[in-house]
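Trainee: Position 215 of the sequence shown, counted from 1, bears residue number 215 in full-length UniProt numbering, the numbering being contiguous throughout. Backbone N, C-alpha and C define an ideal beta-carbon position, used for all residues, glycine too. All of these numbers come straight from a predicted model, not from anything done at the bench.
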Amino acid sequence: MTSPVSADLFARAQQVIPSGVNSPVRAFGSVGGTPPFLTEAAGALLRDADGTEYVDLVGSWGPMILGHANPQVVEAVREAAGRGLSFGAPQPGEVSLAEEVTRRIGPVEQLRLVNSGTEATMSALRVARAATGRDVIVKFAGCYHGHVDALLAEAGSGVATFAMPGSAGVTAATAKDTVVLPYGDREAVSALFAERGGEIAAVITEAAPANMGVVPPREEDGVGFNRFLAETAHAAGALLISDEVLTGFRASREGYYGVDGPTGAEDAWAPDLMTFGKVIGGGLPVGAFGGREDLMALLAPAGPVYQAGTLSGNPLATAAGLATLSGLDEAAYEVLGSASRTLQQMVAEALTTAGVPHVVQTAGTLFSVFFREEPVHSYADAKAQDTEAFTRFFHAMLEGGIYLPPSAFEAWFVSTAHTPEVLDRIAEALPRAARAAAQR
Ligand code: PMP
Numbered sequence: 001m002t003s004p005v006s007a008d009l010f011a012r013a014q015q016v017i018p019s020g021v022n023s024p025v026r027a028f029g030s031v032g033g034t035p036p037f038l039t040e041a042a043g044a045l046l047r048d049a050d051g052t053e054y055v056d057l058v059g060s061w062g063p064m065i066l067g068h069a070n071p072q073v074v075e076a077v078r079e080a081a082g083r084g085l086s087f088g089a090p091q092p093g094e095v096s097l098a099e100e101v102t103r104r105i106g107p108v109e110q111l112r113l114v115n116s117g118t119e120a121t122m123s124a125l126r127v128a129r130a131a132t133g134r135d136v137i138v139k140f141a142g143c144y145h146g147h148v149d150a151l152l153a154e155a156g157s158g159v160a161t162f163a164m165p166g167s168a169g170v171t172a173a174t175a176k177d178t179v180v181l182p183y184g185d186r187e188a189v190s191a192l193f194a195e196r197g198g199e200i201a202a203v204i205t206e207a208a209p210a211n212m213g214v215v216p217p218r219e220e221d222g223v224g225f226n227r228f229l230a231e232t233a234h235a236a237g238a239l240l241i242s243d244e245v246l247t248g249f250r251a252s253r254e255g256y257y258g259v260d261g262p263t264g265a266e267d268a269w270a271p272d273l274m275t276f277g278k279v280i281g282g283g284l285p286v287g288a289f290g291g292r293e294d295l296m297a298l299l300a301p302a303g304p305v306y307q308a309g310t311l312s313g314n315p316l317a318t319a320a321g322l323a324t325l326s327g328l329d330e331a332a333y334e335v336l337g338s339a340s341r342t343l344q345q346m347v348a349e350a351l352t353t354a355g356v357p358h359v360v361q362t363a364g365t366l367f368s369v370f371f372r373e374e375p376v377h378s379y380a381d382a383k384a385q386d387t388e389a390f391t392r393f394f395h396a397m398l399e400g401g402i403y404l405p406p407s408a409f410e411a412w413f414v415s416t417a418h419t420p421e422v423l424d425r426i427a428e429a430l431p432r433a434a435r436a437a438a439q440r
């Protein structure tokens, strides 16, 4: 497929923007080729600068859960824009958005808005360290929490895509306070707490990891991994930070907490702090962190933890977020769930027919496809997949007009605009792509 306009834009971009992109995975570095430069999108469809149309399975990495240019969301933003782009002062939309989140998600008693998921996790760590007076943060290999210095060690997403151990430019002092454990390894968690429990401020985990592909937390003896983490952390006076930047308002109406949270008083557990992004901003730059009121009370100006933002709580961003959340009613989650299940079946069928080893994994309405036979429970498992088969599959899908995440380590994102007709277009492209994946 030739895309002269995108090729020219990419060449120009590389002169003035590092690698030609403002976020690494967009450069198609691991799959090769020229990334299409996108100019327009509506519903489940994208159009690039060469006029080529694609069915989108990236959804801006999550925010576009109601489809692109959703009329209600666009109208809400247009209306807000007419009243001023930014005030740097309190505005009503912030209150409504925080109220909506606290209504949906039990453990969130108070919420503060920021501008990205990265800022949300960075700020949550600061609160956790201030609350406990401890320094050490525990994270899991393959979990991505944004490009926060302390959280880049063995991160998923772009770090996984480019097979980087972490990042240059992070000081040894910062790295020293982060302990990385294998995802799902309860023995490793217990052993670490037995040895260093008194130093640990918090465990941070993706509520359901989705940045090494989707790796849902597993139950053991009826106890989910997240609940185990909460109980282990609390027993040592540490906190649990559940990162729902990706899963929030997507895995279910209440995020992944709605999938594996308590079902009754007898198994009550909750993360102390939670982080959000993506869907909460409906496509505008928003993140948020929230949780127990006594912890959130540590924030300035009332408390000693400084945290701020010129554009935080921006009126356009809150308008887009509120319009998106108000479109996400029970019916919307049914549509999402059904589109997700149909797509999973279609992909599995095509890959099975072509004889391509694969496993589809889900977390609520979220899913991804690994190019290996056995289930994936950890980052080590995720890395042991056939990324070359994925690359062949990816390019054949792109040729067939389907825009997948350009990495074998990412979730596939559907929206409520992925109607049966849109799914039919994907079904048409799948057999050829599956055969391409099968070729060596
Ligand atoms: N946490 C998780 C779980 C994420 O998936 C991401 C982004 N993919 C982030 C944090 C960082 O969010 P942002 O890119 O908005 O900084």
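(1) If you follow the beta strand (DSSP E) that residue 17 is part of, which residue opens it and which one closes it?
(2) Among 207, 227, 267 and 220, which residue has its Cα nearest to the Cα of residue 245?
(3) Just tell me which of 343, 13 and 274 has its CA closest to the CA of residue 426.
(4) Near the ligand PMP, which residues have their beta-carbon closer than 6 Å to a heavy atom?
(5) Which of the three DSSP states is assigned to residue 206 in this structure?
(6) Per DSSP, which residues does residue 388 bridge with? Please list them.
(7) According to DSSP, simplified to helix, strand and coil, what is residue 147?
(8) Just to confirm before moving on: does the CB-CB distance between residue 437 and residue 382 stay below 8 Å?
(9) Check for me: the beta strand (DSSP E) holding residue 291 runs from which residue to which?
(10) Our contact map puts residue 379 next to residue 253 with C-beta atoms below 8 Å; I'd like the distance itself, whole angstroms only.
(11) Can you give me the C-alpha to C-alpha distance between residue 294 and residue 37, rounded to a whole angstrom?
(12) If the criterion is Cβ atoms closer than 8 Å, does the pair residue 423 and residue 339 meet it?
(13) Just to confirm before moving on: does the CB-CB distance between residue 417 and residue 66 stay below 8 Å?
(14) Quick one: give me the first and last residue of the beta strand (DSSP E) that residue 181 is part of.
(15) What separation, rounded to the nearest whole angstrom, lies between the Cα atoms of residue 217 and residue 226?
(16) Residue 241 by DSSP, collapsed to three states: which one?
(17) Counting along the chain, where does the beta strand (DSSP E) carrying residue 139 start and finish?
(18) Look at the Cβ atom of residue 142, then the Cβ atom of residue 133, and state whether they are nearer than 8 Å.
(19) Less than 8 Å between the beta carbons of residue 139 and residue 74, yes or no?
(20) Quick check: what's the CA-CA separation for residue 445 versus residue 11?
(21) Label residue 72 either buried or exposed according to how many other C-beta atoms from any shown protein chain fall within 10 Å of its C-beta, with 16 as the threshold for buried.
(22) Opposite residue 370 in the DSSP bridges: which residues?
(23) Does the region 281-298 come close enough to the region 23-42 to have 3 or more Cβ pairs within less than 8 Å?
(24) Name the two residues that bound the continuous alpha helix (DSSP H) containing residue 122.
(25) Taking residue 82 as the reference, give the member of 420, 413, 319 and 32 with the closest Cα.
(26) Identify the residues that DSSP records as bridge partners of residue 443: which are they?
(27) Any contact between the region 105-124 and the region 265-282? By contact I mean 3 or more CB pairs, one from each, below 8 Å.
(28) Residue 136: which of 263, 196, 355 and 50 sits nearest, CA to CA?
(29) According to DSSP, which residues form a beta bridge with residue 475?
(30) Would you call the CB atoms of residue 240 and residue 202 closer than 8 Å?
(31) State the DSSP-derived secondary structure class of residue 426, mapped to helix, strand or coil.
(32) With a Cβ-Cβ cutoff of 8 Å, do residue 151 and residue 121 count as a contact?
(33) Would you identify the three-state DSSP class for residue 321, choosing helix, strand or coil?
(34) Give me the residue from 211, 366 and 242 with the minimum Cα distance to residue 25.
(35) For residue 374, which residues in the same chain have their Cβ closer than 8 Å to its Cβ, ignoring the five residues on either side in sequence?
(36) Starting from the C-beta of residue 430, find all residues in its chain whose C-beta is less than 7 Å away, skip the five residues before and the five after it, and write them out in chain order.
Mentor: A quick look at the data gives this:
(1) That residue, residue 17, is in no beta strand (DSSP E); it is neither H nor E in DSSP.
(2) Measuring C-alpha to C-alpha distances from residue 245 to each of 207, 227, 267 and 220 identifies 207 as the nearest.
(3) Of the residues 343, 13 and 274, the one whose Cα lies closest to the Cα of residue 426 is 343.
(4) So the residues near the ligand PMP by this Cβ test are 61, 116, 117, 118, 121, 144, 145, 146, 157, 206, 211, 243, 245, 246, 277 and 287.
(5) Residue state, collapsed to three classes: strand.
(6) According to DSSP, which records beta bridges pairwise, residue 388 is partnered with nothing at all.
(7) The answer is coil: DSSP assigns residue 147 none of H, G, I, E or B.
(8) Contact: no.
(9) Annotation: the continuous beta strand (DSSP E) that includes residue 291 extends over 287-291.
(10) Not quite, the Cβ-Cβ distance comes to about 29 Å (not below 8 Å), so this is no contact.
(11) Going from the Cα of residue 294 to the Cα of residue 37 covers about 46 Å.
(12) It is a contact, given that the beta carbons lie within the stated cut-off.
(13) The beta carbons of residue 417 and residue 66 sit closer together than 8 Å.
(14) That run of the beta strand (DSSP E) goes 178-181.
(15) Between the alpha carbons of residue 217 and residue 226 lies a distance of about 7 Å.
(16) Secondary structure at residue 241: strand, using DSSP grouped into helix, strand and coil.
(17) Unbroken beta strand (DSSP E) run through residue 139: 136-140.
(18) No, they are not a contact pair.
(19) Not a contact, by the Cβ cut-off of 8 Å.
(20) Beyond the ends of the chain as shown, which are 1 and 440, falls residue 445; an answer cannot be given.
(21) With fewer than 16 neighbouring CB atoms inside 10 Å of its own CB, residue 72 falls in the exposed class.
(22) Beta-bridge analysis with DSSP links residue 370 to 359.
(23) Touching, no, given that fewer than three Cβ pairs across the two stretches are closer than 8 Å.
(24) Its alpha helix (DSSP H) spans residues 117-132.
(25) Taking each of 420, 413, 319 and 32 in turn and checking the Cα distance to residue 82, the smallest one comes out for 319.
(26) Nothing can be reported for residue 443, as the shown portion of the chain is limited to 1 through 440.
(27) Short answer: they touch.
(28) For residue 136, the nearest C-alpha among the options comes from 196.
(29) Past the boundaries of the shown model lies residue 475; the chain is included only from 1 to 440, so the question cannot be answered.
(30) The Cβ atoms of residue 240 and residue 202 sit closer than 8 Å to each other.
(31) Shown here, residue 426 sits in a helix according to DSSP, grouped into three states.
(32) In this structure, residue 121 lies closer than 8 Å to residue 151 by Cβ.
(33) Judged by DSSP in its simplified three-state form, residue 321 adopts helix.
(34) Among 211, 366 and 242, the Cα nearest to that of residue 25 is on 211.
(35) The beta carbon of residue 374 is closer than 8 Å to those of 359 and 381 in its chain, skipping five residues each way along the sequence.
(36) The answer, listed in chain order, is 346, 347 and 350.
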